[in-house]
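A.B. asks: Residue numbers (full-length UniProt numbering): 1 to 957.
Please see the structure below; I have some questions.
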Ligand SMILES: Nc1ncnc2c1ncn2[C@@H]1O[C@H](COP(=O)(O)OP(=O)(O)OP(=O)(O)O)[C@@H](O)[C@H]1O
């Protein structure tokens with residue numbers, strides 16, 4: 001079993017490899033000098049040298065010690081993946097021609113299809129024949145080898161400039177060339193000097209016309225010797241572009257600069273794929289011959305064949321001067337295959353590796369073998385993993401990497417044949433120690449979630465879809481470990497108080513004063529038995545901790561995705577030492593697997609202690625000039641299996657839809673801490689005014705209106721924070737209803753700042769535009785928010801592509817609220833929808849919320865509505881209790897039910913300007929056009945019509 005190599009090890013291996021190659025190169029040079037002296041032409045490529053007695057003596061291709069050192073075909077992709085395994089020297093191939101040439105000329109820059117790389121250059125070697133005479137004195141074999149292997153050519157002639165592309169492209173040219181493909185004879189000397197050289201006979205009586213180094217290689221061409229197949233054009237322009245084919249599993253890629261004709265050929269091949277990362281085209285092997293044949297007809301292109309693929313080519317012409325190919329070895333014997341084992345299910349793994357005869361024979365010996373015709377790969381039971389790896393190690397030319405250690409640990413029972421169960425069995429946990437109210441409220445899938453968590457000893461990532469009740473499950477799991485409390489709950493700041501309410505609701509046995517919500521940086525992090533803190537405050541307060549928390553809940557754990565952030569740096573050490581870690585997120589990774597790393601580390605610190613190993617396996621890590629790029633993805637199926645086995649539980653709404661209500665309403669208590677002291681004082685004063693006995697009815701009403709307006713203003717920061725948290729949590733599409741213009745303005749302004757797509761429909765939106773806006777939202781991809789006026793957009797519109805409605809403000813008429821909810825909850829909606837009511841303590845919401853519930857209850861009793869509003873509130877104790885509150889509540893109720901009273905409130909909502917003399921508003925709403933003129937318009941009338949429209953209360957679909 002191989003573990004990923006460290007940088008240090010890789011460097012060492014690379015050094016050794018270079019040394020070995022240098023030794024070989026020197027040996028070959030010496031040999032060539034000998035041959036040259038004895039009258040052999042050794043500048044020919046190995047294939048030429050193998051092609052019969054008429055040119056050079058036949059060689060044993062496996063004999064790396066003579067004309068060709070055989071190298072592993074280096075796939076730039078695999079090298080970029082950090083595979084620094086020492087190469088099997090038998091599996092590399094380097095032509096003697098590569099390093100027995102004359103002076104290297106500076107390459108010319110040319111346009112390339114691979115903009116990220118420097119273009120492959122045309123390099124002309126000027127000193128040519130006989131080859132050995134042209135070994136450039138300033139270019140040692142070591143240097144050339146280094147160059148050959150993609151390490152540049154730093155010490156070569158100062159005239160030579162090599163590019164990464166040239167480096168990587170070089171290798172196949174080193175391989176034996178098929179004369180018909182290289183068409184070397186067509187190369188013309190570029191200058192009189194080379195012309196003269198061309199005419200200089202080689203010791204074997206053959207002229208080498210030119211040596212070209214396309215893509216950074218040097219290819220000797222033997223005039224008159226390498227012939228095109230009869231009838232095929234052989235002439236290649238001296239400046240023709242050099243390219244190469246590189247094997248990549250059962251495909252091959254073509255490394256070459258931009259050539260319009262060649263691109264046309266590429267596009268004609270059905271198996272073509274373009275890889276934007278490497279900016280290269282790749283093809284199935286089935287298209288190989290077709291491509292090579294077509295390339296042969298392009299005079300401006302010289303495409304070097306695949307290493308070891310010569311055997312695939314058509315039989316050579318037997319005419320005089322043709323190259324005998326029949327003696328070439330079959331491709332497989334030369335091809336080094338490298339691959340890895342990948343998990344494909346809880347019980348089976350697949351060998352992801354190219355073709356090798358020996359390997360296939362080995363696969364066929366495995367009892368559990370199975371060939372997947374779709375993927376064209378073999379797979380086996382995990383219990384045969386060790387056996388297969390051991391035997392594959394004995395095969396030359398094969399490197400089959402085993403499953404990573406993390407996987408073998410996570411799936412130990414399957415590997416050891418102790419469990420072959422396709423689905424993990426989760427035992428039923430004993431929850432007798434947890435509040436019965438909580439346990440009895442768990443839906444069946446939530447109970448499974450709790451069982452899973454306890455089976456994982458309280459360390460998991462609960463990644464249920466949004467709205468599936470992760471809170472109740474987390475509280476239950478934490479309560480199971482109550483003996484290990486105090487408990488730390490880290491949450492986005494906008495939901496701190498919602499969590500407090502949830503603890504009060506689900507754990508009645510927990511005294512409310514034992515719940516500590518940390519509100520400022522001066523508060524104590526450990527004051528309660530349950531301590532709720534925001535991510536940001538945690539980073540300020542973690543130093544307070546003398547003894548670590550044993551049980552920690554992290555809500556929206558994807559907030560930790562970036563290890564460099566302060567919140568992550570604060571949380572990770574706590575999680576490392578905690579005994580139980582309950583991570584909650586409906587969207588643990590939003591764009592790439594790298595985002596999962598910290599969450600996996602939090603749950604299983606031993607799985608991937610170093611990010612690099614994780615990055616190599618699952619993030620498609622690529623080595624770039626500036627370092628490693630981990631933004632990709634690889635082996636995702638395996639990652640999913642690993643997560644499901646050991647880290648994560650995720651259920652989607654559609655999996656458990658039958659257990660869910662059609663609508664899930666949630667009261668979100670927004671942070672009262674965000675209401676400024678001034679606003680709070682103003683709100684208190686207004687509440688007092690309303691309850692003062694000597695006030696006239698009109699004065700009371702005015703006070704009420706102002707109270708309502710000030711509430712809107714006070715809630716703005718919390719509302720904005722909540723919306724931004726939703727977006728950060730991966731909520732893509734949702735509706736936000738508000739009533740006051742100042743609130744709608746503040747929301748849209750913030751969305752603009754954050755470049756989030758939104759539509760807005762309020763009283764000023766012309767009817768003709770509404771449907772278009774609606775369609776725009778319905779069809780939008782990615783993040784989109786519909787910012788809607790409660791009174792102007794609560795009916796006649798369909799937003800069924802969203803599954804969440806947020807009420808930034810409350811409204812005294814529940815019928816209107818329910819209508820607004822039903823913009824999403826309607827025909828076309830296949831999911832359970834979430835409705836979040838943002839409620840701020842110490843504001844008019846304290847009175848509006850009970851009022852709404854009271855009315856809903858009445859409607860529910862009449863069969864006109866669901867009644868779970870009040871269940872929610874009773875449970876959280878969010879009810880008016882003191883006599884003063886009762887009075888304001890009554891006032892609200894009376895005011896809004898009297899004819900015309902609400903008109904005044906609506907007008908006030910439109911015209912309220914927090915910056916006006918009537919109030920000392922603190923919220924920057926920007927330029928707010930005065931819409932009071934609208935009040936007399938027909939639109940205004942329309943907005944008021946719904947108040948008596950009680951028939952439109954919608955019962956669940
Ligand atoms: N078993 C249950 N009984 C009653 N109400 C429940 C139950 N489970 C969940 N709910 C309610 O469903 C609503 C959504 O639950 P919760 O907020 O926990 O979902 P979530 O999975 O955390 O969603 P998000 O990812 O959006 O935060 C809440 O109002 C919650 O009280």
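All C-beta atoms in this analysis are idealised placements derived from N, C-alpha and C, irrespective of residue type, glycine included.
Consult DSSP for residue 563 and reduce its assignment to one of helix, strand or coil.
C.D. replies: Here the question's residue 563 lines up with position 563 in the chain shown. Three-state DSSP puts residue 563 in coil, outside helix and strand.
A.B. asks: Is residue 454 near ligand 1, with its Cβ less than 7 angstroms from a heavy atom?
C.D. replies: As a position in the chain shown, residue 454 is number 454, starting the count at 1. No - ligand 1 has no heavy atom lying nearer than 7 angstroms to the Cβ of residue 454.
A.B. asks: Roughly how many angstroms separate the alpha carbons of residue 14 and residue 6, rounded to a whole number?
C.D. replies: Locating residue 14 in the chain shown gives position 14, counting from the first residue. Locating residue 6 in the chain shown gives position 6, counting from the first residue. Their backbone Cα atoms lie some 12 angstroms apart in a straight line.
A.B. asks: Going by DSSP, what residues sit across from residue 834 in a beta bridge?
C.D. replies: Numbered from 1 along the chain shown, position 834 holds the residue referred to as residue 834. According to DSSP, which records beta bridges pairwise, residue 834 is partnered with 664 and 804.
A.B. asks: Is DSSP giving residue 607 helix, strand or coil here?
C.D. replies: Mapped onto the chain shown, residue 607 falls at position 607. In this structure, residue 607 counts as coil in the three-state DSSP scheme.
A.B. asks: So, using beta-carbon positions, are residue 799 and residue 823 closer together than 8 angstroms?
C.D. replies: Taking the first residue of the chain shown as 1, we reach residue 799 at position 799. Taking the first residue of the chain shown as 1, we reach residue 823 at position 823. Yes.
A.B. asks: Tell me, please, whether the segment 733-749 touches the segment 784-801 by the rule of three or more beta-carbon pairs shorter than 8 angstroms.
C.D. replies: The segment 733-749 vs the segment 784-801: in contact.
A.B. asks: Going by CA-CA distance only, name the one from 701, 534, 856 and 750 that's closest to residue 521.
C.D. replies: Position 521 of the chain shown, counted from the first residue, corresponds to residue 521. Comparing Cα-Cα distances from residue 521 to each of 701, 534, 856 and 750, the minimum goes to 534.
A.B. asks: Compute the beta-carbon to beta-carbon distance between residue 458 and residue 486, rounded to the nearest angstrom, for a pair I have assumed lies under 8 angstroms.
C.D. replies: Your numbering for residue 458 matches position 458 in the chain shown. Your numbering for residue 486 matches position 486 in the chain shown. With a Cβ gap of about 15 angstroms, residue 458 and residue 486 do not count as contacting.
A.B. asks: Consult DSSP for residue 345 and reduce its assignment to one of helix, strand or coil.
C.D. replies: For this step, residue 345 is matched to residue 345 along the chain shown. Three-state DSSP puts residue 345 in coil, outside helix and strand.
A.B. asks: If I follow the unbroken alpha helix (DSSP H) through residue 471, where does it start and stop?
C.D. replies: The residue given as residue 471 occupies position 471 in the chain shown. Unbroken alpha helix (DSSP H) run through residue 471: 470-480.
A.B. asks: Would you kindly check if the distance between the Cβ of residue 454 and the Cβ of residue 472 is under 8 angstroms?
C.D. replies: In the chain shown, residue 472 corresponds to position 472, counting from 1. In the chain shown, residue 454 corresponds to position 454, counting from 1. Not closer than 8 angstroms, so no.
A.B. asks: Reducing DSSP to helix, strand and coil, say where residue 171 ends up.
C.D. replies: Along the chain shown, read from residue 1 onward, the residue named residue 171 stands at position 171. With a pLDDT of 30 at residue 171, under the threshold of 50, the modelled position of this residue cannot be trusted, and the question is left open.
A.B. asks: Measure how close the beta-carbons of residue 707 and residue 687 come, nearest whole angstrom, since I'm counting them as under 8 angstroms.
C.D. replies: Reading the chain shown from its first residue, position 707 is the one you call residue 707. Reading the chain shown from its first residue, position 687 is the one you call residue 687. Sure, about 7 angstroms apart at Cβ, within 8 angstroms.
A.B. asks: Going by the C-beta, is residue 437 closer than 7 angstroms to any heavy atom of ligand 1?
C.D. replies: Residue 437 sits at position 437 when you count from the first residue of the chain shown. False, no ligand heavy atom lies under 7 angstroms from that Cβ.
A.B. asks: Nearest to residue 615 by alpha carbon, out of 404, 365, 370 and 659?
C.D. replies: Translated into positions along the chain shown, residue 615 becomes position 615. Nearest option by C-alpha distance: 404.
A.B. asks: For residue 644, which residues in the same chain have their Cβ closer than 6 angstroms to its Cβ, ignoring the five residues on either side in sequence?
C.D. replies: Counted from its first residue, the chain shown places residue 644 at position 644. None.
A.B. asks: Below 8 angstroms on the Cβ atoms is my guess for residue 380 versus residue 411; work out the distance and round it to an integer in Å.
C.D. replies: Here residue 380 is taken as the residue at index 380 of the chain shown, counted from 1. Here residue 411 is taken as the residue at index 411 of the chain shown, counted from 1. With a Cβ gap of about 13 angstroms, residue 380 and residue 411 do not count as contacting.
A.B. asks: Starting from residue 245 and walking both ways along the alpha helix (DSSP H), at which residues does that stretch end?
C.D. replies: As a first step, residue 245 is located in the chain shown; it is residue number 245 there, counting from the start. Run containing residue 245: none in the alpha helix (DSSP H); it sits in the beta strand (DSSP E), 241-248.
A.B. asks: For residue 719 versus residue 839, is the C-beta spacing smaller than 8 angstroms?
C.D. replies: Counting from one through the chain shown, the residue named residue 719 turns up at place 719. Counting from one through the chain shown, the residue named residue 839 turns up at place 839. Cβ distance not < 8 angstroms, so residue 719 and residue 839 don't count as in contact.
A.B. asks: Between residue 448 and ligand 1, is there a pair consisting of the residue's CB and a ligand heavy atom that are separated by less than 7 angstroms?
C.D. replies: Numbered from its first residue, the chain shown carries residue 448 at position 448. Result no, Cβ not under 7 angstroms from ligand 1.
A.B. asks: Which class does residue 400 belong to by DSSP, given the choice of helix, strand or coil?
C.D. replies: Position 400 of the chain shown, counted from the first residue, corresponds to residue 400. Strand, per DSSP.
A.B. asks: Run through DSSP, which three-state label would residue 746 get?
C.D. replies: For the purposes of this step, residue 746 is identified with residue 746 of the chain shown, where counting begins at 1. Residue 746: helix per DSSP, three-state reduction.
A.B. asks: Alpha carbon to alpha carbon, how far is residue 346 from residue 438?
C.D. replies: Mapped onto the chain shown, residue 346 falls at position 346. Mapped onto the chain shown, residue 438 falls at position 438. Going from the Cα of residue 346 to the Cα of residue 438 covers about 33 angstroms.
A.B. asks: Could you pull the start and end residues of the alpha helix (DSSP H) that residue 459 belongs to?
C.D. replies: As a first step, residue 459 must be located in the chain shown, where it is residue number 459. That residue, residue 459, is in no alpha helix (DSSP H); its beta strand (DSSP E) goes 459-462.
A.B. asks: Have a look at the DSSP bridge pairing and note the partners of residue 274.
C.D. replies: Sequence index remark: in the chain shown, residue 274 carries index 274 (1-based). Paired residues: 281.
A.B. asks: Would you mind sorting residue 427 into buried or exposed? The rule is 16 or more other CB atoms within 10 Å of its CB.
C.D. replies: As a working mapping, residue 427 is identified with position 427 in the chain shown. Classification of residue 427: exposed, given that the 10 Å Cβ count is below 16.
A.B. asks: As a quick exercise: from 497, 258, 425 and 293, pick the residue whose alpha carbon is nearest that of residue 280.
C.D. replies: By one-based count along the chain shown, residue 280 stands at place 280. Cα-wise, what sits closest to residue 280 is 258.
A.B. asks: Given this structure, state the Cα-to-Cα distance separating residue 699 from residue 690, to the nearest angstrom.
C.D. replies: Residue numbering aside, residue 699 sits at position 699 when the chain shown is read from its first letter. Residue numbering aside, residue 690 sits at position 690 when the chain shown is read from its first letter. If I take the Cα positions, the gap works out to 8 angstroms.
A.B. asks: Under 8 angstroms, do residue 783 and residue 756 count as touching if we go by C-beta distance?
C.D. replies: Looking up residue 783 in the chain shown gives position 783. Looking up residue 756 in the chain shown gives position 756. Yes, the pair counts as a contact, with Cβ atoms nearer than the cut-off.
A.B. asks: Given 7 angstroms as the limit, tell me if residue 441 has its C-beta closer than that to any heavy atom belonging to ligand 1.
C.D. replies: For the purposes of this step, residue 441 is taken as the residue at position 441 of the chain shown. Answer for residue 441: yes, Cβ within range of ligand 1.
A.B. asks: Which of the three DSSP states is assigned to residue 530 in this structure?
C.D. replies: Working through the chain shown from its first residue, we reach residue 530 at position 530. Strand at residue 530.
A.B. asks: Is residue 103 helix, strand or coil when you go by DSSP?
C.D. replies: Residue 103 sits at position 103 when you count from the first residue of the chain shown. Low per-residue confidence applies at residue 103: pLDDT is 25, beneath 50, and the placement is therefore not dependable enough to give any value.
A.B. asks: Check residue 466 in the structure and name its three-state DSSP category.
C.D. replies: If you number the chain shown from 1, residue 466 lands on position 466. In this structure, residue 466 counts as coil in the three-state DSSP scheme.
A.B. asks: So, using beta-carbon positions, are residue 292 and residue 252 closer together than 8 angstroms?
C.D. replies: Indexing the chain shown from 1 puts residue 292 at position 292. Indexing the chain shown from 1 puts residue 252 at position 252. In this structure, residue 252 does not lie closer than 8 angstroms to residue 292 by Cβ.
A.B. asks: Assuming contact is defined by CB atoms lying nearer than 8 angstroms, are residue 465 and residue 493 in contact in what I supplied?
C.D. replies: Taking the chain shown and counting its residues from 1, one reaches residue 465 at position 465. Taking the chain shown and counting its residues from 1, one reaches residue 493 at position 493. Contact flag unset, no.
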